[in-house]
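Written out below as structure tokens is the structure these notes cover.
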Amino acid sequence: MYRYSVIIPHYDGIVTDDQFNNCINYLLDQTEQNFEVLIYHDGPTSRPIPNTWEKLGDRCKLKITKDRYNDWGHSLRDMGIREANGDYIFHFNPDNVIYKTLFSKVSEVIDCSSFPMIGSEKNPTFANGDIVIFPIYMMGHVRFGLKNYSGFRLNPGQNILPNYKMIFNGDPCVFANIDCMQLIMKRKLWLGYNGWYDKRSFSDGIMYERFVHEHGARYCGEVLGEHW
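In our numbering, the protein residues as written are 1 to 228.
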């Protein structure tokens with residue numbers, strides 16, 4: 001069994017070949033390689049999918065679905081949750097960026113209980129490592145002219161990164177302060193919620209808030225990716 005399962009939705013006409021190739025290269029560059037990759041293409045293809053994914057070897061699977069769901073990739077994410085073999089699920093859109101230390105840093109948070117915690121209202125100190133949240137640069141919102149941004153929580157002794165324009169810090173874990181890629185959660189918890197059960201466009205913010213309210217989360221105060 002792998003520690004992580006990376007679930008990637010792919011869309012005809014939306015994901016460019018360059019974005020897809022970059023996505024695969026970000027995974028190949030990870031300092032921790034204990035993960036599998038599940039790629040789901042939404043419906044028939046109008047052009048071949050780049051074979052870059054084959055560089056990941058047998059731990060990477062590509063599946064082209066018969067139907068086009070047109071639900072922001074949520075049905076594809078749900079398939080991945082059910083077909084994954086990893087202990088933790090990571091949802092990664094191919095037009096985004098992850099830094100090469102993402103999985104090694106998340107593993108450090110999981111294995112060390114001294115990291116800051118985000119808790120439920122009932123028990124604000126409860127967090128057993130089943131859920132990890134990390135900040136990202138929200139570059140997509142900057143591109144589209146959205147001016148509001150969240151604060152940035154740091155681990156003790158960590159310097160603020162220079163020249164950032166917008167950060168989704170995920171703490172508190174509420175809608176408009178967290179994106180799909182920022183929460184890594186145990187597969188068994190996903191299955192306990194019947195997978196990706198909400199297919200609305202903004203469902204990640206709604207579901208993630210519920211998960212953290214009910215289970216708590218460990219918090220990594222280091223930016224580990226970018227949303228474009």
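Built from N, CA and C at the ideal position, the CB exists for glycine as well.
Only a predicted model underlies this, so the values are computations on that prediction, with no experimental measurement involved.
Check your understanding: Glu-226 bridges to which residues according to DSSP?
Key -> Beta-bridge pairing by DSSP links Glu-226 to Val-97, Tyr-137.
Review point. In this structure, does DSSP put Ile-160 in helix, strand or coil?
Key: At Ile-160, the pLDDT of 44 sits below 50, so the modelled position is not reliable; the number obtained from the coordinates is stated separately. DSSP places Ile-160 in coil when its eight states are reduced to three.
Review point. So which of Glu-36, Leu-27, Asp-29, Ile-24 has the shortest CA-CA distance to Met-1?
Key: It is Glu-36 whose Cα lies nearest to the Cα of Met-1.
Check your understanding: CA-CA distance, Gly-229 and Phe-115?
Key -> No information on residue 229 is available, as it lies outside the stretch 1 to 228 that the chain covers here.
Exercise for review: Have a look at Tyr-11, Leu-189, Pro-9, Met-139 and flag the residue whose alpha-carbon is nearest the alpha-carbon of Tyr-88.
Suggested key: Closest by alpha carbon: Leu-189.
Exercise for review: Mark Thr-186 as exposed unless 16 or more other C-beta atoms lie within 10 angstroms of its C-beta, in which case mark it buried.
Suggested key: Position check: residue 186 holds Lys in this sequence, whereas Thr was assumed. So Lys-186 ends up on the buried side.
Review point. Span of the alpha helix (DSSP H) holding Phe-211?
Key: Taken as a continuous stretch (DSSP letters only), the alpha helix (DSSP H) holding Phe-211 covers 203-215.
Review point. Given Asp-79, which residues of its chain have a CB within under 7 Å of its CB, disregarding the five upstream and five downstream residues?
Key: Correcting the residue identity first, residue 79 is Met in this sequence and not Asp. Excluding the 5 residues flanking it on each side, Met-79 has same chain C-beta neighbours closer than 7 Å at Tyr-40, in chain order.
Check your understanding: If Asp-42 sits next to Thr-65, beta carbons under 8 Å apart, how far is it from one beta carbon to the other, in whole angstroms?
Key -> The pair is a contact, with the Cβ atoms about 6 Å apart (cut-off 8 Å).
Point to revise | Beta-bridge pairing of Cys-220 - partner residues as DSSP gives them | key: For Cys-220, which the question treats as bridged, DSSP gives no partner whatsoever.
Point to revise | Gly-57 vs Tyr-4 beta-carbon contact at 8 Å | key: Contact annotation: Gly-57 and Tyr-4 have beta-carbon atoms that are not nearer than 8 Å.
Practice item. Return helix, strand or coil for Ser-113, following the three-state DSSP convention. Key: Reduced to three states, the DSSP call for Ser-113 is coil.
Exercise for review: State the CB to CB distance for the pair Arg-218 and Gly-129, rounded to an integer number of angstroms; the pair is presumed to be in contact (CB under 8 Å).
Suggested key: Contact flag correct, Cβ pair sits at about 6 Å.
**Study point:** Straight-line gap, Val-106 to Ile-206 (C-alpha atoms, nearest Å)
**Key:** The C-alpha of Ile-206 is placed about 23 Å away from the C-alpha of Val-106.
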